[in-house]
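Heads up, the sequence shown is in our numbering, so the first residue is 55 and it goes up one at a time. Every residue, glycine too, gets a C-beta built ideally from N, C-alpha and C. In this text the structure is predicted, and so the values were computed from the model without any measurement. Report on the following structure.
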Amino acid sequence: MDTILVVNAGSSSVKFQVFGVDVNGALQRLIKGQIDGIGTKPRLVAEASDKSSLVNKPYAPDMIPDVPAAIAAVAGWLRETQTFNLVAVGHRVVHGGPEYDRPVAIDHAVVANLDRYVSLAPLHQPNNLAPIRTLLTARPELLQVACFDTAFHRGHSTIADHFAIPENLYAEGVRRYGFHGLSYEYVAERLREIAPARATGRVIVAHLGSGASMCALANGRSVESTMGFTALDGIPMGTRPGQLDPGVVLYLLTEKGMSPAALQDLLYRDSGLKGLSGISNDMRDLESNSDPKAAFAVDYFVYRVGLNAGMLAAALGGLDAFVFTAGIGENSATIRARIAEKLTWFGVAFDAAANAAGEPLISRPESRVALYVVPTDEELMIARHTLALLPKRSARGMAGERLAS
Ligand code: AMP
């Protein structure tokens, strides 16, 4: 069977999925796996579509010291144990800069362009590019497609794209990009299927995971995001603060003498739910902990999501639907209920029973704003984009594709 490999390379893990492509262009998820603990406690795990385990293998740290070594291990395992025909690889790439507003087939010129954006996302972009480079050398004939977290937001107005700082900085790329674009694109498509009338209106999607942001959609297109130049801005996350007065950063630099590296650690690893609670970055831990500090972190999260909903509704000039997605949004009925309460003034009539039962529609029929829970699927979005760029299948495009599993 022809297959597409989807690669999502982070700082200490490489996630991958394998999708089969049948003769009708249908995508079928075959394998989902990852190597985490790169350089410390590497372990390769993978499961089949029926959730049965395919591999669970630890490695010595020096065998998998970095992302390229992890990719080599995944490729080796796939080669040795699987018999499918790899036709393309789709990569999640965090930053497409001002230039890329859609996925692109990768060649050396594209890699050189994407290298320029390393300074815009120093923690993520080099890891995203590492497997691309490895494969470009090992399998130059293989189609590789870069799918950007920023691309879905590139249609923002010039006003939404700006900070109020000197224009030369905008020209060199200091812009409000927005992230989680693959998730929002998938949810926008899914909403068109499950609620076509609402999907053409004014919609806020709340991607609430360990990284979290919110996006305003007008007729399925992103018009505003809570995230900006980096994935630090907006609502609080597991370990990132969300919106922060830049004066705080100046204070830490000048008064506290923090180094840029220490500051980076504080903002990316020690803030957010973890920093506020001093207990955990994981919402499950906080929800089950009776310590008032855990409750405070949860209260803060809910409060900031509500505040940002008001901001995004202002960008949209009103609101027709609000969608929960990602780890917290999909799984925590309690957090959804608490956020819904903050949306009451929009005319939300919450359906507590539907919410507790895990229904996709969690507002009552008379609700002026409909509330939905839509599980996201960034990997499927990447597979769709990659499939659409496969030359022999391009005529069929995405319209003929369906997920068979
Ligand atoms: P993600 O980054 O989308 O995988 O989301 C990960 C986060 O979702 C975790 O850090 C948890 O805080 C949260 N999460 C997952 N399941 C639950 C749950 N059942 N209740 C509350 N939070 C959850």
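Distance check for residue j and residue i, CA to CA, integer angstroms please.
i: ALA410; j: THR379; result: 15 Å
i: GLU455; j: ARG146; result: Below a pLDDT of 50, predicted positions are generally treated as unreliable, and GLU455, at 45, falls in that range; the measurement from the model is reported next regardless. Answer to the nearest angstrom: the Cα atoms are 20 Å apart.
i: THR57; j: LEU189; result: 16 Å
i: ALA406; j: LEU373; result: 21 Å
i: PRO314; j: PRO419; result: 51 Å
i: GLU309; j: GLY209; result: 40 Å
i: TYR322; j: PRO414; result: 32 Å
i: VAL427; j: GLU134; result: 39 Å
i: ALA63; j: VAL128; result: 12 Å
i: ALA369; j: HIS216; result: 14 Å
i: LEU457; j: LEU307; result: Low confidence applies to LEU457: its pLDDT is 44, below 50, so where it sits in the model is not reliable, and the reading given next is rough at best. Between LEU457 and LEU307, the C-alpha separation is close to 50 Å.
i: ARG450; j: LEU444; result: At ARG450 the pLDDT is 42, less than 50, meaning the model places this residue with poor confidence; the figure from the coordinates comes in the next sentence. Those two C-alpha atoms are separated by around 10 Å.
i: ILE333; j: ASN385; result: 20 Å
i: ASN273; j: LEU317; result: 39 Å
i: SER173; j: ALA242; result: 30 Å
i: SER264; j: HIS178; result: 15 Å
i: GLN297; j: ASN78; result: 46 Å
Quick one, are the C-beta atoms of residue i and residue j less than 9 Å apart?
i: ALA270; j: SER279; result: yes
i: LYS396; j: VAL359; result: yes
i: ALA142; j: LEU441; result: yes
i: PRO157; j: ALA126; result: no
i: LEU434; j: ARG83; result: yes
i: PHE400; j: ILE416; result: no
i: LYS69; j: GLN88; result: yes
i: GLY282; j: GLY227; result: no
i: THR94; j: PRO115; result: yes
i: LEU340; j: VAL352; result: yes
Does the beta carbon of residue i come closer than 9 Å to any beta carbon on chain B?
i: MET268; result: Protein chain content of the structure displayed is limited to a single chain, and chain B is not contained in it.
Could you check which residue in the options has the C-alpha nearest to that of residue i?
i: ASP319; options: ARG294, PRO300 and GLN71; result: ARG294
i: TYR240; options: LEU307, PHE283, GLY292 and PHE206; result: PHE206
i: THR398; options: LEU361, ALA408 and MET337; result: LEU361
i: LEU132; options: VAL172, SER211 and GLU101; result: GLU101
i: LEU196; options: GLU221, LYS95 and HIS162; result: HIS162
i: ARG338; options: THR204, ILE389, GLY227 and GLY371; result: ILE389
i: ALA424; options: MET435, GLU433, PHE376 and LEU443; result: PHE376
i: THR204; options: LEU317, VAL148 and SER331; result: VAL148
i: ALA437; options: PRO176, ALA159 and HIS261; result: ALA159
i: ALA175; options: PHE233, ALA225 and THR137; result: PHE233
i: GLN71; options: ASN78, VAL99, PRO152 and GLY326; result: VAL99
i: LYS86; options: ASP324, ASP431, HIS439 and GLY235; result: ASP431
i: ARG229; options: SER325, THR212, ARG244 and PHE202; result: THR212
i: MET55; options: TYR154, SER107, MET117 and LEU81; result: LEU81
*Could you name each continuous alpha helix (DSSP H) segment of 4 residues or more that falls completely within the segment 296-367, going from the start of the chain to the end?*
List check, alpha helix (DSSP H) in window: 300-308, 314-323, 326-331 and 337-341.
_Just to confirm the assignment: which complete alpha helix (DSSP H) runs, minimum length 4, are found wholly within the segment 145-176?_
For the alpha helix (DSSP H) assignment, the uninterrupted runs of no fewer than 4 residues enclosed by the segment 145-176 are, from N- to C-terminal side, 162-170.
*Do the segment 120-131 and the segment 176-188 make contact, defined as three or more Cβ pairs closer than 8 Å?*
Taking a contact to require three or more Cβ pairs closer than 8 Å, the segment 120-131 and the segment 176-188 qualify as touching.
*asked:* For the pair the segment 282-302 and the segment 250-257, tell me if three or more CB-CB distances fall below 8 Å.
replied: Contact between the segment 282-302 and the segment 250-257 is absent, with fewer than three C-beta pairs closer than 8 Å.
*Within the segment 240-290, note down every full beta strand (DSSP E) run reaching 3 residues or more, in order along the chain.*
Listed in chain order, they are 256-262, 266-272 and 275-279.
*Kindly provide the ranges of any alpha helix (DSSP H) runs that are 4 or more residues long and lie completely inside the segment 111-147, ordered along the chain.*
Every alpha helix (DSSP H) of 4 residues or more that sits fully in the segment 111-147 is shown, in chain order, as 121-135.
*Quick one: which unbroken alpha helix (DSSP H) runs of 4-plus residues sit fully inside the segment 202-245? Chain order, please.*
DSSP runs (the alpha helix (DSSP H)) wholly in the segment 202-245: 221-225.
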